[in-house]
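J.:
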Amino acid sequence: MTDRPTPDPVPTGIELTPLDAAFRADPYPALARVRAEEPVHHDQVINRWILTRPDDVERVLRDRALSVDPRKANEGTFMRIFERFQELSMLFQDPPDHTRLRSLVSRAFTPRAVERLAPRIREIADELLASVAGRPRFDAIEAFAGPFPVIVIAEMLGIDPADRQDFKRWSDAQAMSLNPLLTDEEQAAVQASDDELGAYLERVIAARRAAPRDDLISALIAVEESGDQLTDAEIVSMCELLLAAGNVTTTDLIGNGLWLLLRHPDQLQKLRDDPALIPNAVEEILRFESPVLQTARIAMRDMEVGGCPIGRGESIVASLAAANRDPDATPGADCFDVARADVRHHSFGGGAHFCLGAPLARLEAHIGLAAVLERFPHLRLGDEPLEWRALPGFRGLARLWVHADPA
Ligand code: HEM
């Protein structure tokens with residue numbers, strides 16, 4: 000591992016720490032200043048390089064010589080998260096292990112398998128929204144955006160509806176496993192929940208081995224490539240990854256989207272007038288308020304990005320959010336425009352780890368937003384102060400109070 004020469008402090012004095020309350024409330028002004036003044040920035044607080052320009056972000060995410068395995072990073076420079084998840088998840092594995100797992104799981108988790116679910120996803124959205132119909136005011140995260148993706152993935156996996164409550168609890172804990180700021184007590188709670196979920200999934204896998212059904216767990220058992228198959232432990236880890244990577248992010252896509260539309264009534268009206276614009280609006284929501292702010296890589300050799308020397312073992316944060324708002328790549332990037340032509344964003348990452356669940360996330364957002372707009376013609380924002388969840392690297396609302404009755 001090389002010694003890195005101490006870089007000059009950022010001229011603006013900005014530290015892009017996710018712990019900062021102002022940054023959490025609105026990261027974009029700080030990201031814009033860094034992108035303009037020092038696009039490849041060494042953050043002194045978190046001891047990592049931060050890339051803010053789209054070209055640098057894409058280049059680093061596509062560079063197969065970089066690693067995602069935290070054990071290969073210099074001590075103290077890569078976020079430590081729930082250990083077991085980090086060790087087993089393909090999100091943190093390099094080739095050849097990553098290539099093998101990704102290739103096997105992609106045979107079961109296909110865009111066609113996702114598309115087939117569309118009618119059932121619409122039913123799930125309608126059932127959830129029916130439960131708040133008639134209420135003048137409700138929290139759209141608790142009532143809808145939170146449970147919606149959890150129920151969809153539970154059904155996809157083939158989880159018994161009777162176990163849904165437990166599954167929601169386990170799934171919430173999986174999302175927590177990505178939080179590097181957990182106290183010891185919270186770590187222990189995540190561990191306990193992880194053990195319960197693991198034991199539960201093992202039982203489901205055994206049952207599906209004996210009697211396969213038309214569900215994702217049976218499909219993961221059946222996948223085979225050149226005689227290679229997934230082991231039970233790998234299927235358990237894969238299911239846990241789908242919950243951790245897919246649920247909070249999709250909740251946030253729908254939550255951030257509703258919030259943006261309610262804050263921009265002219266844009267909301269465009270969607271009400273022309274619902275065919277919803278898929279384009281979802282891309283613009285992904286660009287404008289990405290649920291995943293950043294992802295990380297580790298330099299495996301001394302390298303240079305944007306004229307800055309990055310040493311072997313150093314951690315690099317690709318700021319997807321900063322790249323999404325680059326005014327050179329997107330004219331009027333700080334303007335939310337659901338009819339924008341050719342929306343470009345980096346919110347699903349890039350390269351070998353590009354989000355496996357992107358087709359599912361998009362489908363859920365299309366269906367979910369359409370269902371909300373149809374059912375609630377008078378929807379408007381509540382007056383409650385906004386509360387952004389304190390999950391570093393992610394961006395989503397803890398609550399979103401809305402009024403459903405006419406003003
Ligand atoms: C709006 C919702 C979502 C966003 C913004 C999102 C974003 C991302 C990003 C940025 C990555 C890449 C991380 C990296 O390159 O380091 C990723 C990976 C991944 N996502 Fe998503 N995701 C979303 C929804 C989902 C869903 C619904 C699922 C599945 C149910 C899912 C499963 C995965 C998996 C398995 C990976 C790891 C891929 C790999 O390592 O090869 N995601 N996601």
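Quick note: the sequence shown uses numbering that gives the first Met the number 0, first residue 0, plus one each step. C-beta: ideal position from N, C-alpha, C; glycine also. Only a predicted model underlies this, so the values are computations on that prediction, with no experimental measurement involved.
1. Check whether chain B comes within 8 Å of L200, counting only Cβ atoms and requiring the distance to be less than that.
2. Excluding the 5 residues preceding and the 5 following G145 in the sequence, name in chain order all residues of the same chain whose CB lies nearer than 7 Å to its CB.
3. Quick one, are the C-beta atoms of L50 and V56 less than 8 Å apart?
4. Can you tell me whether F137 is helix, strand or coil according to DSSP?
5. Between S225 and H345, what straight-line distance do the alpha-carbon atoms span, to the nearest angstrom?
6. Drop a sphere of 10 angstroms on the beta-carbon of H377, count the other beta-carbons inside from all chains shown, and report buried for 16 or more, exposed for fewer.
7. The beta strand (DSSP E) spanning A317 covers which residue range?
8. At a threshold of 7 Å, does S225 count as lining the ligand HEM (C-beta to nearest heavy atom)?
9. Looking at the unbroken alpha helix (DSSP H) that takes in H345, where does it start and where does it end?
10. Tell me whether Q228 sits in a helix, a strand or coil according to DSSP, three-state version.
11. S66: buried (16+ other C-beta within 10 angstroms of its C-beta) or exposed?
12. By the three-class DSSP mapping on this structure, what secondary structure does E288 have?
13. Identify the continuous beta strand (DSSP E) that holds T294 and give its terminal residues.
14. Quick one: what's I49 bridged to in DSSP?
15. Since I believe R52 is in contact with P38 (beta carbons under 8 Å), could you give me their beta-carbon distance rounded to a whole number of angstroms?
16. Quick check on the burial criterion: 16 or more other C-beta atoms within 10 angstroms. Buried or exposed for T11?
17. Give me the Cα-Cα distance between A153 and M302, rounded to the nearest whole angstrom.
18. Of the residues D327, V291, R212, D193, which one's Cα is nearest the Cα of S318?
19. Rounded to a whole number of angstroms, what is the C-alpha to C-alpha distance between H365 and R119?
20. Does DSSP put V131 in a helix, in a strand, or in coil?
21. Should I309 be counted as a contact of the ligand HEM given a C-beta to heavy atom distance under 7 Å?
22. Are the CB atoms of N255 and L396 nearer to each other than 8 Å?
23. Using CA atoms only, rank isn't needed, just tell me which of T16, H40, A370 is closest to P308.
24. Starting from the C-beta of I123, find all residues in its chain whose C-beta is less than 8 Å away, skip the five residues before and the five after it, and write them out in chain order.
25. Helix, strand or coil, according to DSSP, for L396 in the structure here?
26. Leaving out five residues on either side along the sequence, give the residues of the same chain with a beta carbon under 7 Å from the beta carbon of F335.
27. Name the two residues that bound the continuous alpha helix (DSSP H) containing V149.
28. Indicate the three-state DSSP secondary structure (helix, strand or coil) for T11 in the structure shown.
29. Mind checking P26: buried by the 16 CB within 10 Å criterion, or exposed?
T.: Concretely, from the data shown:
1. Chain labels in this structure do not include chain B; a single protein chain is all it has.
2. Position 146 of the sequence shown, counted from the first residue, corresponds to residue 145. Taking G145 as the centre and dropping the five residues before and after it, the same chain places the C-beta of T250 closer than 7 Å to its C-beta, in chain order.
3. To locate residue 50, count along the sequence shown from 1; it is residue 51. To locate residue 56, count along the sequence shown from 1; it is residue 57. Yes, Cβ-Cβ distance for L50 and V56 is below 8 Å.
4. To locate residue 137, count along the sequence shown from 1; it is residue 138. Note: F137 maps to strand in three-state DSSP.
5. Counted from its first residue, the sequence shown places residue 225 at position 226. Counted from its first residue, the sequence shown places residue 345 at position 346. A direct Cα-Cα distance of roughly 33 Å separates S225 from H345.
6. Position 378 of the sequence shown, counted from the first residue, corresponds to residue 377. By the Cβ neighbour-count rule, H377 is exposed, with fewer than 16 other Cβ atoms within 10 Å of its own.
7. Within the sequence shown, residue 317 is the residue found at index 318, counting from 1. Run containing A317: 314-318, per the beta strand (DSSP E) assignment.
8. The residue labelled residue 225 in the question sits at position 226 within the sequence shown. Every heavy atom of the ligand HEM is 7 Å or more from the Cβ of S225, so no.
9. Here residue 345 refers to the residue found at position 346 of the sequence shown. It is not in any alpha helix (DSSP H) - H345 carries neither H nor E in the DSSP assignment.
10. For the purposes of this step, residue 228 is taken as the residue at position 229 of the sequence shown. The three-state secondary structure of Q228, taken from DSSP, is coil.
11. Walking along the sequence shown from the start, residue 66 turns up at place 67. S66 is buried by the Cβ-count criterion.
12. Locating residue 288 in the sequence shown gives position 289, where the first residue counts as 1. For E288, the three-state secondary structure derived from DSSP is coil.
13. Working through the sequence shown from its first residue, we reach residue 294 at position 295. First-last of the beta strand (DSSP E) with T294: 293-297.
14. Translated into the one-based positions of the sequence shown, residue 49 becomes position 50. As computed with DSSP, I49 is found in a beta bridge with H40, V316.
15. Position 39 of the sequence shown, counted from the start, is the residue given in the question as residue 38. Position 53 of the sequence shown, counted from the start, is the residue given in the question as residue 52. About 5 Å separates the two Cβ atoms, so the contact holds.
16. Stepping through the sequence shown from its first residue, residue 11 is reached at position 12. At T11 the pLDDT is 45, less than 50, meaning the model places this residue with poor confidence; the figure from the coordinates comes in the next sentence. Exposed is the call here.
17. Against the sequence shown, residue 153 aligns to sequence position 154. Against the sequence shown, residue 302 aligns to sequence position 303. Their Cα atoms are separated by approximately 43 Å.
18. Locating residue 318 in the sequence shown gives position 319, counting from the first residue. Ranking D327, V291, R212, D193 by Cα distance to S318 puts V291 first.
19. Within the sequence shown, numbered from 1, the residue matching residue 365 stands at position 366. Within the sequence shown, numbered from 1, the residue matching residue 119 stands at position 120. The alpha-carbon of H365 is positioned some 14 Å away from that of R119.
20. Counted from its first residue, the sequence shown places residue 131 at position 132. In the structure shown, V131 sits in coil (DSSP, three-state: anything other than H, G, I, E or B).
21. Counting from 1 along the sequence shown, the entry for residue 309 is found at position 310. No, Cβ of I309 sits at least 7 Å from all heavy atoms of the ligand HEM.
22. Here residue 255 refers to the residue found at position 256 when the sequence shown is read from its first residue. Here residue 396 refers to the residue found at position 397 when the sequence shown is read from its first residue. Here N255 is near L396, since their CB atoms are less than 8 Å apart.
23. What you label residue 308 is simply residue 309 of the sequence shown in a count that begins at 1. When C-alpha distances from P308 are compared across T16, H40, A370, the shortest belongs to H40.
24. Your numbering for residue 123 matches position 124 in the sequence shown. Within its own chain, the residues whose Cβ lies closer than 8 Å to the Cβ of I123, once the five positions on either side in sequence are excluded, are F147, I150, V151, E154, listed in chain order.
25. The residue you call residue 396 lines up with position 397 of the sequence shown. Here DSSP, grouped into helix, strand and coil, assigns L396 to strand.
26. As a position in the sequence shown, residue 335 is number 336, starting the count at 1. If we look at F335 and ignore the five residues flanking it on each side, its Cβ neighbours are L259, H263, Q266, E283, F287.
27. For the purposes of this step, residue 149 is identified with residue 150 of the sequence shown, where counting begins at 1. Its alpha helix (DSSP H) spans residues 146-156.
28. Your numbering for residue 11 matches position 12 in the sequence shown. Confidence at T11 is low in this model, with a pLDDT of 45, below 50, so its placement is unreliable and no value can be given for it.
29. The count along the sequence shown starts at 1 and reaches residue 26 at position 27. Buried, because 16 or more other Cβ atoms sit within 10 Å of the Cβ of P26.
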